[in-house]
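Q: In our numbering, the protein residues as written are 35 to 214. Note that the Cβ used here is the ideal one computed from N, Cα and C, for glycine as well. None of these values were measured; they are calculated from a predicted model.
1. For residue 143, is the classification buried or exposed, using 16 other Cβ atoms within 10 angstroms of its Cβ as the cut-off for buried?
2. Count the C-beta pairs between the region 84-96 and the region 46-58 that are closer than 8 Å, then say yes if the count reaches three, no if not.
3. Would you decide whether residue 152 is buried or exposed? Buried here means 16 or more other CB atoms lie within 10 Å of its CB.
4. Going by Cα to Cα distance, which pick from 107, 79, 68 is closest to residue 145?
5. On the three-state DSSP scale, how would you describe residue 118?
6. Hey, quick one: how far does the beta strand (DSSP E) through residue 215 stretch, first residue to last?
7. Using a Cβ-Cβ cutoff of less than 8 Å, which residues in the same chain neighbour residue 164 once the five nearest sequence positions on both sides are dropped?
8. Cβ of residue 128 within 9 Å of Cβ of residue 122?
9. Taking residue 164 as part of the alpha helix (DSSP H), name the residues at either end of that continuous run.
10. Please tell me whether residue 147 and residue 63 are closer than 9 Å, where the distance is taken between their beta carbons.
11. Quick one: what does DSSP say residue 54 is sitting in, helix, strand or coil?
12. Quick one: what's got a C-beta closer than 6 Å to residue 79's C-beta in the same chain, skipping five residues either side?
13. Classify residue 171 as buried or exposed, calling it buried when 16 or more other Cβ atoms lie within 10 Å of its own Cβ.
14. According to DSSP, is residue 81 helix, strand or coil?
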């Protein structure tokens, strides 16, 4: 088992877009295993490679009994239905904030061996797939919040025991904010 430390909010790797995976080899399969081991150890729902300092477009997930991984994911939204509810992040441990996301998503990508994969999700699974894909784009869920929620979240981050530095600049998501 190889559990890797999870990077926390403020680490620049979390706001840097990840590179597409071009080689599907034993090293990639080892990365996926490390991500799963770390996710299990942290008791999370999803974990992106950037959260352990690896700038590749890979994430793992385990939500409501559905688990898997996606390499080079691309999301599609079959409708405009939204959900608004609590969301957390292993890179912001112990903090949860209401965040608007799409209710339904179709995620397409590849396995760690290069085979095509499709995951269709609703509710919490859809939230997780969107959250982890955002990580690969250098977008944090705090970037998706409206201004009042973002300010409240930043106050909580600055007060968190794991936060040890000046607050990084929070950018506005380049993706459309849901609910607007």
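A: On the basis of the data shown:
1. buried
2. yes
3. exposed
4. 107
5. strand
6. With the chain covering 35 to 214 only, the question about residue 215 has no answer from this structure.
7. 109, 135, 136, 139
8. yes
9. 157-170
10. yes
11. coil
12. 97, 162
13. buried
14. strand
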